[in-house]
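Working notes for the structure below.
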RNA sequence: GGCCCCAUCGUCUAGUGGUUCAGGACGCAUGGUUCUCAUCCAUGUAACACCGGUUCGAAUCCGGUUGGGGCCGCCA
């Protein structure tokens with residue numbers, strides 16, 4: 026082995042192996058993140074492998090969803106493979122095993138297998154299939170309905186998990202494991218082992234739910250005489266009831282979060298902290314900092330509950346940190362073309378509005394319902410305008426008079442406030458300011474009336490106050 | 001049922017035998033800042049599952065109990 030080969034054999038390669046049977050979910054996204062970071066940190070490669078051996082359930086649309094999601098999150102992979110395009114490779118390995126009689130055809134029906142399992146469980150035994158077809162000589166299996174299994178073993182399988190330490194399984198409890206439906210159709214564990222070998226994967230970083238697959242895969246590796254990679258099994262992301270996060274928790278796809286107006290960086294930041302921390306109080310991480318600080322050793326062993334409140338907090342914080350240019354560009358995606366037309370007439374309008382709304386947004390999509398009153402006449406109601414105060418119409422009258430006296434060109438928030446303040450102090454701030462604000466926005470919650478009035482302009486502000494007066498009388 | 005994994009505030013977690021009657025963050029509560037909401041600030045709330053051992057000393061090490069989770073497919 027020359028030096029270059031030696032180096033190459035030590036090269037770090039990780040992979041994400043989603044099956045395109047559903048959209049990209051948070052769990053998969055986090056696995057992707059950890060694999061991505063680990064590879065990048067070590068100058069290695071991050072490979073995307075689409076595990077689409079199940080033709081029935083795989084769907085190109087899901088593959089696209091996964092690709093789009095990863096792209097949005099900024100987790101670029103170095104290479105992509107599809108298992109559906111690698112049948113010949115699996116076939117070769119399978120033939121080798123079959124020829125050596127390490128693997129064999131099993132003709133038991135699903136019903137027989139199910140009955141066997143039930144019986145074993147009733148007898149409090151480990152459910153497994155030890156097949157008595159191992160030595161059947163029939164070569165005409167083509168006209169029978171069989172699958173290919175790997176002859177079992179009774180050794181103890183040990184492996185060293187990078188996160189959990191040594192894990193031991195009794196292989197005899199596994200039985201003869203199914204490795205392929207037929208020569209052309211490998212099953213998950215088999216295809217996975219071969220690809221990890223062929224793609225020279227050095228570290229398999231995946232969810233804890235794969236721990237029970239690991240001894241099976243090691244058995245296959247032994248049969249094939251190929252090397253076992255390093256394994257690191259990540260704790261699961263849990264729903265509020267502490268069970269594995271799934272659709273029933275309302276778990277939505279990454280692209281759905283995108284649509285709702287979560288920021289990729291906020292999501293990544295939240296997700297990386299689910300089961301990992303840098304060992305100190307730091308919570309905000311730019312991507313570069315993630316690459317710098319992440320380590321497998323600091324990964325937690327227990328599962329982590331997905332807490333949407335904290336995600337929202339991260340998102341709020343990242344929105345606050347966002348540049349106005351970016352915020353403007355991203356929020357534009359959520360508003361109607363009529364509004365956009367108005368913004369095009371007055372380029373500064375959207376920036377002014379955003380300046381006010383920036384600290385209020387949880388997710389970008391909220392922008393629409395928050396700022397409608399800048400573009401459309403608000404729906405006013407007596408009860409909203411009057412709130413708990415009396416003399417509302419006099420206050421509105423006076424407010425109107427004071428505002429009228431301000432010059433159109435100096436109709437700015439500061440001036441408006443200055444002009445109105447003494448009166449508001451005298452009558453009670455709330456008494457004067459609440460109806461003023463409600464008249465402009467039609468909302469119980471909104472930014473302050475001075476800033477809103479400035480953006481609306483003198484003419485529109487007075488119009489709305491007049492309208493409010495009509496409604497109370 | 002079998003096997004495997006796990007166990008600090010409601011949630012995410014710091015903590016690797018003593019400096020911790022356990023620190024941070026989210027959430028929640030209270031108060032403050034020019035009406036409301038949000039921001040911002042201050043304060044508060046709340047946890048080492050249990051029982052044994054080891055040790056001068058245990059959240060930290062060991063054993064057990066309990067609890068939770070994962071897997072047990074001709075899915076991945």
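Residue numbers (the working numbering): 26 to 498.
Backbone N, C-alpha and C define an ideal beta-carbon position, used for all residues, glycine too.
| Check | Outcome |
| --- | --- |
| Under the three-state DSSP convention, the category residue 27 falls into | Only weak support is given to the placement of residue 27: the predicted model assigns it a pLDDT of 49, under 50, and the value that follows is read from those uncertain coordinates. In this structure, residue 27 counts as coil in the three-state DSSP scheme. |
| Residue 123 versus 479, 459, 248 and 286, residue with shortest Cα-Cα distance | 248 |
| Span separating the alpha-carbon of residue 266 from that of residue 75 | 30 Å |
| For residue 70: DSSP bridge partner residues | 38 |
| Helix, strand or coil at residue 277 [DSSP, three-state] | coil |
| Alpha carbon of residue 128 to alpha carbon of residue 214, nearest angstrom | 14 Å |
| Beta-ladder partner(s) of residue 130, from DSSP | 173 |
| Selected residue, minimal CA-CA separation from residue 156, among 188, 182, 185 and 197 | 197 |
| Rounded Cβ spacing between residue 232 and residue 52 (contact assumed at less than 8 Å) | 6 Å |
| Straight-line gap, residue 304 to residue 314 (C-alpha atoms, nearest Å) | 14 Å |
| Own chain, CB closer than 8 Å to residue 70, minus 5 neighbours either side, in chain order | 36, 37, 38, 39, 64, 103 and 104 |
| Nearest residue (CA-CA) to residue 309, options 330, 321 and 336 | 336 |
| Beta-ladder partner(s) of residue 301, from DSSP | 324 |
| Exposed unless 16 or more other CB atoms sit within 10 angstroms - verdict on residue 275 | exposed |
| Nearest candidate by alpha-carbon position, reference residue 486, set 411, 498 and 400 | 400 |
| Collapsed DSSP secondary structure at residue 98 in the structure displayed | helix |
| 7 Å CB neighbourhood of residue 256 in its chain, flanking five on each side removed | 184, 186, 187, 229 and 239 |
| Residue 228, DSSP secondary structure in three states | strand |
| Neighbourhood of residue 355 by C-beta distance below 7 Å, restricted to the same chain and skipping five residues each side | 389 |
| Whole-angstrom distance between residue 106 and residue 86, CA atom to CA atom | 16 Å |
| Buried or exposed (CB count within 10 angstroms, at least 16 for buried), residue 108 | buried |
| Anticipated Cβ contact below 8 Å, residue 427 with residue 440, distance rounded | Rounded, the Cβ-Cβ distance is 11 Å, inconsistent with contact. |
| Reference residue 348, options 376, 148, 363 and 321, closest by Cα | 376 |
| Cα-Cα separation between residue 452 and residue 416, rounded to whole angstroms | 10 Å |
| 8 Å Cβ cutoff met for residue 464 and residue 489 | yes |
| CA-to-CA distance, residue 459 to residue 410, given in whole angstroms | 7 Å |
| DSSP-derived helix/strand/coil call for residue 206 | strand |
| Boundaries of the alpha helix (DSSP H) in which residue 195 is found, first to last residue | No alpha helix (DSSP H) contains residue 195, which is instead part of the beta strand (DSSP E) from 190 to 195. |
| Collapsed DSSP secondary structure at residue 6 in the structure displayed | Only positions 26 to 498 of the chain appear in this structure, which leaves residue 6 out of reach. |
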